[in-house]
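I have placed the structure first, in the form of structure tokens, so that the comments after it can refer back to it.
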Amino acid sequence: NAGVMQNPRHLVRRRGQEARLRCSPMKGHSHVYWYRQLPEEGLKFMVYLQKENIIDESGMPKERFSAEFPKEGPSILRIQQVVRGDSAAYFCASSPSSRVAKNIQYFGAGTRLSVL
Amino acid sequence: EDKVVQSPLSLVVHEGDTVTLNCSYEVTNFRSLLWYKQEKKAPTFLFMLTSSGIEKKSGRLSSILDKKELFSILNITATQTGDSAIYLCAVELIKTSYDKVIFGPGTSLSVIP
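Going line by line, the protein sequences match chains A and B.
Here this note's numbering = 1-based position in the first sequence + 81.
Here this note's numbering = 1-based position in the second sequence + 59.
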């Protein structure tokens, strides 16, 4: 059973370009969470999605950031017109249930975004 | 505002030492506290704690929760270089439709030979 797969592992973009980060959850998991991590900071929640639905996007900036989890295919975190401040590690986690007490979130290896 | 605080933020010890990592929290609607270990890649789950005073143990690692004083500790005995990592504490909050998890800043542990 493959774990949570994120790609690319490293992504370099110039200011103003778009960044697309992909996350394939573990088999059987229908809940996906995106987090951002800056150096010496913990994981900051961004968005929680179920298949075809955004459940909680309270941690995601309202401009330039969007997320989706289509019926088929991976979850995508999209950052338009990237700025240097977007440089960070972006982690995806998945779980089979929305209740962590029953099911732990499993993390991918992250995508490290560098904006030049 | 819900928050999770960890201390120390970084720690350097010698192999064989015992370390204690601290996590305190101020949240509403607490459900559980979780510990993760993050090496260079994905955070990996260590413990989930829901009840006060019950120690969870896995090899040289152990953890306990105090819900009255709102904190948890993670102990590592006889540390090894492979224990070098960032240790993340997180708290699960009960919300209407799902349980949100918020993370502390982490403790960066370096174990030197």
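Beta carbons are placed, not taken as given, at the ideal position from N, Cα and C, and that holds for glycine.
Cβ neighbour criterion (16 or more within 10 Å) applied to residue i
i      : result
A:V164 : exposed
A:E133 : exposed
B:E151 : buried
B:I145 : buried
A:G154 : exposed
B:K250 : Residue numbering for chain B in the displayed model covers 60 to 172; residue 250 of chain B lies beyond these limits and cannot be assessed.
B:D125 : exposed
B:S69  : exposed
A:L158 : buried
A:P89  : exposed
A:P120 : exposed
Listed by chain order, chain C residues near residue i by CB distance under 9 Å
i      : result
B:A101 : Given the protein chain composition of this structure (A and B), no chain C is represented.
Chain-order list of residues whose beta-carbon lies under 6 Å from that of residue i (same chain, five-residue window excluded)
i      : result
A:F146 : I160
B:T136 : T77 and R119
B:V86  : D61, V150 and L152
B:S169 : V71 and S143
A:E138 : V128
A:Q162 : G97 and R145
A:G109 : P177
CB-CB length for residue i against residue j, believed under 8 Å
i      : j      : result
B:K62  : B:Y84  : 7 Å
B:Q97  : B:T166 : That belief does not hold up - the Cβ atoms of B:Q97 and B:T166 are roughly 10 Å apart, past 8 Å.
A:S175 : A:H112 : 6 Å
B:E74  : B:P172 : 5 Å
A:M127 : A:M107 : Contact doesn't hold; Cβ gap of about 19 Å is too wide.
A:W115 : A:A148 : 6 Å
B:V72  : B:T138 : 6 Å
B:Y157 : A:I135 : Actually they are not in contact, since the Cβ atoms of B:Y157 and A:I135 sit about 12 Å apart, beyond 8 Å.
Spatial neighbours of residue i in its chain, beta-carbon cut-off 8 Å, leaving aside the 5 residues before and after
i      : result
A:Q118 : L124, K125, A169, A170, Y171, F172 and G191
Cβ shell of residue i (< 7 Å), same chain only, five flanking positions each side left out
i      : result
B:P67  : T166
B:N81  : Q65, S66, F130 and I132
B:S121 : E114, K115 and N134
Reference residue i; option with closest CA among the options
i      : options                           : result
B:V142 : B:Y157, B:L105, B:R90 and B:I113  : The question names Val, yet the displayed sequence has Asp at residue 142 of chain B. The option with the nearest alpha carbon to B:D142 is B:L105.
A:P151 : A:R193, A:V85, A:C104 and A:G97   : A:C104
B:R90  : B:I161, B:S169, B:V170 and B:L168 : B:I161
A:M86  : A:E99, A:Y187, A:E122 and A:G166  : A:Y187
B:G112 : B:L92, B:P102 and B:K154          : B:L92
A:A100 : A:D167, A:E121, A:E122 and A:P120 : A:D167
* If contact means a Cβ-Cβ distance below 9 Å, which residues of the segment 114-125 of chain A contact chain B? -> Residues of the segment 114-125 of chain A whose Cβ lies closer than 9 Å to any Cβ of chain B, in chain order: Y114, Y116, Q118, E121, E122, G123, L124 and K125.
* Asked: Looking at chain A, which residues of the segment 91-122 of chain B have a Cβ within less than 9 Å of any of its Cβ atoms?
  -> Result list: S91, L93, Y95, Q97, K99, K100, A101, P102, T103, F104, M107 and T109.
* Asked: Got a sec: which bits of the segment 135-157 of chain A sit with their beta carbon under 8 Å from any beta carbon on chain B, in order along the chain?
  -> I136 and D137
* Interface residues of the segment 63-92 of chain B facing chain A [CB-CB below 9 Å] -> V63, Q65, L68, S69, R90 and S91
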